[in-house]
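For reference, the structure discussed in these notes is given below.
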Amino acid sequence: NTRRLSGGFNPNSDPEGATMDVDEGDKTKVTALHWSYSLMANALLLFLVHPRLDDVEMSRLTSYVMSCLLGDLKVIRMPAACVLLMISRFESFERAGAPVVANVLSSQPGALATIVANLGLCHSVGDGAGGARGPQGRADALVQAAENLYGAGSDMSGKPWPRTRACDDHVPVGSFVVACARLFGLFARVAPRVVCDELEAPLSRLAFADGDRGARCAAAEAVAGVLASRSPPRWAAPLLLRAFDEAANDSTEEWLRAVRYAARGGESSGAGCEPLLSALSSPVCRATATVSQQARRLEAALMCVAELAAPPVSDASIAFQESFMDELLASGESSPLANPSRATREEAARLAAQLIGAHGGDDEGSPTHGDGVGAHERFAGLRAKANALLAQFVACAPDACRESLERQPSDARLLDGDESPRAGNPGDPGVVVMDLDHAQDPVTTKAGSVGFTTGSHGF
1 NTRRLSGGFN PNSDPEGATM DVDEGDKTKV TALHWSYSLM ANALLLFLVH PRLDDVEMSR
61 LTSYVMSCLL GDLKVIRMPA ACVLLMISRF ESFERAGAPV VANVLSSQPG ALATIVANLG
121 LCHSVGDGAG GARGPQGRAD ALVQAAENLY GAGSDMSGKP WPRTRACDDH VPVGSFVVAC
181 ARLFGLFARV APRVVCDELE APLSRLAFAD GDRGARCAAA EAVAGVLASR SPPRWAAPLL
241 LRAFDEAAND STEEWLRAVR YAARGGESSG AGCEPLLSAL SSPVCRATAT VSQQARRLEA
301 ALMCVAELAA PPVSDASIAF QESFMDELLA SGESSPLANP SRATREEAAR LAAQLIGAHG
361 GDDEGSPTHG DGVGAHERFA GLRAKANALL AQFVACAPDA CRESLERQPS DARLLDGDES
421 PRAGNPGDPG VVVMDLDHAQ DPVTTKAGSV GFTTGSHGF
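The sequence shown begins at 1 in the UniProt record's numbering and counts up one residue at a time.
In structure tokens, the structure reads:
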């Protein structure tokens with residue numbers, strides 16, 4: 001009985017005389033019910049949902065799950081989000097569940113803002129991670145229980161994300177909860193008008209909440225989920241990029257994950273978020289943009305490339321990657337690889353390495369990415385530009401290495417005669433051996449471990 005299990009914890013109640021009185025009009029308003037029983041009962045119901053529900057049961061269960069998201073039982077919110085995502089894949093959800101979600105979001109004033117704020121309270125972010133709340137009372141003693149419940153329920157929300165190769169160095173870590181992003185993607189699908197009209201204001205406030213990283217994490221998840229929907233509102237992409245630009249250096253991980261999630265919607269078959277890709281690929285004015293803005297734009301582009309390089313890809317994602325290759329291949333200081341700022345050069349080098357690794361190589365060995373006829377031609381431009389970028393690295397590497405060693409003589413390695421290097425043996429794996437007087441392909445004792453020095457040439 002979902003109505004009987006939707007109780008919340010009232011700290012002002014008398015546990016000895018606890019009784020439960022449920023208001024049929026609002027399942028989130030309940031009187032005394034001990035938190036331990038409420039936690040156990042709700043968790044059991046959420047984890048024992050039967051996959052075959054008729055329309056009446058689906059409607060009641062959806063209403064109950066929405067009451068958990070809006071209610072005051074903190075520990076059960078994350079599992080409730082996972083269950084809602086799970087039942088959204090059931091056959092009867094579109095008939096009986098989606099209308100309930102849309103009705104709750106549209107009929108209860110501030111429902112979306114309440115859900116975002118409630119999920120922000122579920123993020124346990126320590127003081128060393130960009131600011132956090134102080135003690136919140138007894139509920140904070142259940143943080144570990146909440147994390148355990150979410151760990152058990154996260155599989156219900158969908159496939160693991162991101163799905164990457166073992167060699168992917170750009171798998172982000174942090175406090176970004178994928179289930180929350182998927183939840184707001186679901187809201188954007190079933191109630192797009194409500195999301196467009198009512199979510200911008202609370203997200204604009206929470207995204208810049210000073211000293212409350214949990215709220216910022218929830219805002220990042222929400223805007224990422226909305227951007228990943230089929231028809232994202234026009235305010236979503238600018239808000240995400242502005243929040244990332246203005247984030248403190250130790251609080252960028254959640255925004256980077258939001259960018260990567262929004263790039264493809266957390267799905268391997270996603271085509272790419274065109275508003276986000278278009279905003280990122282627009283060139284910045286170097287005369288007015290700060291060093292941080294230029295570097296972070298390239299960092300965000302790297303997250304998108306890491307997500308979009310895998311098959312399948314859309315025309316928008318190909319155009320996005322080609323635009324950054326053109327930018328990197330620009331002559332002189334027009335290229336970010338030759339930017340006076342070291343931070344910008346380093347981010348540009350990382351982006352170039354990702355693009356070369358994803359698309360460089362011979363035509364004969366290039367993958368078709370499973371896109372059928374014409375896939376080879378679609379990637380021909382990317383392959384050509386990736387190989388040109390690699391050739392540019394190789395051609396400029398000797399001069400860049402020489403200049404770097406002249407600036408830092410202590411880093412010089414004696415590789416001639418019988419003298420061994422002061423640090424690093426050329427016979428060891430990963431050590432690059434290069435003749436600075438003859439431009440040639442660098443030789444490394446371990447395939448794929450060629451490194452490039454970031455001198456003023458940008459390599």
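Built from N, CA and C at the ideal position, the CB exists for glycine as well. This one's a predicted model, so the numbers in the text were calculated from it and none came from an experiment.
| task | With a 10 Å radius around its C-beta and 16 neighbouring C-beta atoms as the bar for buried, classify residue 62 as buried or exposed. | result | Sequence index remark: in the sequence shown, residue 62 carries index 62 (1-based). Burial call: buried.
| request: Could you have a look at residue 286 and say whether DSSP puts it in helix, strand or coil? | output: The sequence position of residue 286 within the sequence shown is 286, counting from 1. Three-state result, residue 286: coil.
| task | Determine the closest residue to residue 199 out of 360, 232, 351, with distance taken between C-alpha atoms. | result | Translated into the one-based positions of the sequence shown, residue 199 becomes position 199. The residue with the shortest Cα to Cα distance from residue 199 is 232.
| query | How about the region 209 to 223 and the region 255 to 264: do they share at least three Cβ pairs that are nearer than 8 Å? | reply | yes
| task | Examine the ligand SAM and report whether any of its heavy atoms sits within less than 7 Å of the Cβ of residue 258. | result | Ligands in the displayed structure: none, and consequently the ligand SAM is not present.
| residue 327 and residue 340 closer than 8 Å at C-beta | The sequence position of residue 327 within the sequence shown is 327, counting from 1. The sequence position of residue 340 within the sequence shown is 340, counting from 1. Going by C-beta atoms, residue 327 is not nearer than 8 Å to residue 340.
| request: Rank 288, 308, 289, 252 by C-alpha distance to the C-alpha of residue 276 and give the top, closest one. | output: As a first step, residue 276 is located in the sequence shown; it is residue number 276 there, counting from the start. Ranking 288, 308, 289, 252 by Cα distance to residue 276 puts 308 first.
| field | Among 346, 280, 56, the one whose alpha carbon lies nearest that of residue 245 | value | Reading the sequence shown from its first residue, position 245 is the one you call residue 245. The candidate whose alpha carbon is nearest that of residue 245 is 280.
| query | What residue does the alpha helix (DSSP H) around residue 294 start on, and which one ends it? | reply | Sequence index remark: in the sequence shown, residue 294 carries index 294 (1-based). Run containing residue 294: 291 to 308, per the alpha helix (DSSP H) assignment.
| field | Boundaries (first-last residue) of the alpha helix (DSSP H) holding residue 356 | value | Numbered from its first residue, the sequence shown carries residue 356 at position 356. 342 to 359 is the span of the alpha helix (DSSP H), which, as asked, contains residue 356.
| query | Would you say the region 99 to 117 touches the region 65 to 73, given that touching needs at least three Cβ pairs under 8 Å? | reply | yes
| message | Considering Cα atoms alone, identify which of 195, 54, 289 is closest to residue 226. | response | Here residue 226 corresponds to residue number 226 of the sequence shown, with the count starting at 1. The option with the nearest alpha carbon to residue 226 is 195.
| task | For the alpha helix (DSSP H) containing residue 115, list its first residue and its last residue. | result | For this step, residue 115 is matched to residue 115 along the sequence shown. Per DSSP, residue 115 belongs to the alpha helix (DSSP H) from 111 to 121.
| Since residue 477 is in the alpha helix (DSSP H), which residue starts that stretch and which ends it? | Limits of the chain in this structure are 1 at one end and 459 at the other, which puts residue 477 out of reach.
| request: Could you check if residue 42 is buried or exposed, using at least 16 other CB atoms within 10 Å of its CB as the buried criterion? | output: Translated into the one-based positions of the sequence shown, residue 42 becomes position 42. Burial call: buried.
| request: Could you name the residues of the same chain whose beta carbon sits closer than 6 Å to that of residue 123, not counting the 5 residues immediately before and after it, in chain order? | output: Position 123 of the sequence shown, counted from the first residue, corresponds to residue 123. These residues qualify, in order along the chain: 175, 214, 217.
| message | Suppose you measure from the CA of residue 92 to the CA of residue 322; what does that come to, to the nearest Å? | response | Walking along the sequence shown from the start, residue 92 turns up at place 92. Walking along the sequence shown from the start, residue 322 turns up at place 322. Approximately 43 Å, taken between the alpha carbons.
| Is residue 135 buried or exposed, if buried means 16 or more other CB atoms sit within 10 Å of its CB? | The residue given as residue 135 occupies position 135 in the sequence shown. In this prediction, residue 135 has a pLDDT of 47, which is less than 50 and means its spatial position is unreliable; what the coordinates show is noted afterwards. Exposed is the call here.
| Can you check whether the CB of residue 359 is closer than 8 Å to the CB of residue 382? | As a first step, residue 382 is located in the sequence shown; it is residue number 382 there, counting from the start. As a first step, residue 359 is located in the sequence shown; it is residue number 359 there, counting from the start. Going by C-beta atoms, residue 382 is nearer than 8 Å to residue 359.
| task | Please work out which residues of its chain come closer than 7 Å, Cβ to Cβ, to residue 54, disregarding the five sequence neighbours upstream and downstream, and give them in chain order. | result | By 1-based counting over the sequence shown, the position of residue 54 is 54. For residue 54, where only same-chain residues beyond five positions count, the Cβ hits under 7 Å are 92.
| said: I believe residue 303 touches residue 263 by the beta-carbon criterion, under 8 Å. Please report the beta-carbon distance rounded to the nearest angstrom. | reply: Along the sequence shown, read from residue 1 onward, the residue named residue 303 stands at position 303. Along the sequence shown, read from residue 1 onward, the residue named residue 263 stands at position 263. That pair is a contact at about 7 Å.
| query | Of the choices 332, 306, 333, whose alpha-carbon is the least far from that of residue 320? | reply | In the sequence shown, residue 320 corresponds to position 320, counting from 1. Among 332, 306, 333, the Cα nearest to that of residue 320 is on 306.
| task | For residue 356, collect the residues of the same chain with a Cβ closer than 7 Å to its Cβ; drop the 5 residues on either side in sequence, then sort them by chain order. | result | The residue labelled residue 356 in the question sits at position 356 within the sequence shown. The residues are 386, 389, 390.
| query | In terms of residues, what are the limits of the alpha helix (DSSP H) holding residue 255? | reply | Position 255 of the sequence shown, counted from the first residue, corresponds to residue 255. 253 to 264 is the span of the alpha helix (DSSP H), which, as asked, contains residue 255.
| Which of the three DSSP states, helix, strand or coil, is assigned to residue 225? | By one-based count along the sequence shown, residue 225 stands at place 225. It is helical.
| field | For residue 87, the first and last residue of its enclosing alpha helix (DSSP H) | value | Position 87 of the sequence shown holds residue 87. Here the alpha helix (DSSP H) through residue 87 covers 77 to 87.
| task | With DSSP as the reference, label residue 273 as helix, strand or coil. | result | If you number the sequence shown from 1, residue 273 lands on position 273. Correct three-state label for residue 273: coil.
| said: If you follow the alpha helix (DSSP H) that residue 187 is in, where does it begin and where does it stop? | reply: Taking the sequence shown and counting its residues from 1, the one referred to as residue 187 is at position 187. Per DSSP, residue 187 belongs to the alpha helix (DSSP H) from 178 to 190.
| query | Candidates 237, 230, 106: which alpha carbon is nearest residue 204's? | reply | Taking the sequence shown and counting its residues from 1, the one referred to as residue 204 is at position 204. Nearest option by C-alpha distance: 237.
| query | What whole-angstrom Cβ distance do residue 112 and residue 182 have, given they're in contact under 8 Å? | reply | As a first step, residue 112 is located in the sequence shown; it is residue number 112 there, counting from the start. As a first step, residue 182 is located in the sequence shown; it is residue number 182 there, counting from the start. About 15 Å separates the two Cβ atoms, so there is no contact after all.
| message | Beta-carbon within less than 6 Å of residue 187's beta-carbon, same chain only, minus the 5 sequence neighbours each way: which residues are those? | response | Position 187 of the sequence shown, counting from 1, holds the residue named residue 187. Excluding residues within five positions, the ones whose Cβ falls inside 6 Å are 195.
| For residue 240, which residues from the same chain have a beta carbon less than 8 Å from its beta carbon, with the 5 sequence-adjacent residues on both sides left out? | What you label residue 240 is simply residue 240 of the sequence shown in a count that begins at 1. 220, 223, 224, 227, 255, 258, 259, 262, 276.
| said: Distance check for residue 313 and residue 230, CA to CA, integer angstroms please. | reply: Your numbering for residue 230 matches position 230 in the sequence shown. Your numbering for residue 313 matches position 313 in the sequence shown. Going from the Cα of residue 230 to the Cα of residue 313 covers about 16 Å.
| field | Under 8 Å between C-beta atoms of residue 38 and residue 73 | value | The sequence position of residue 38 within the sequence shown is 38, counting from 1. The sequence position of residue 73 within the sequence shown is 73, counting from 1. Contact flag set, yes.
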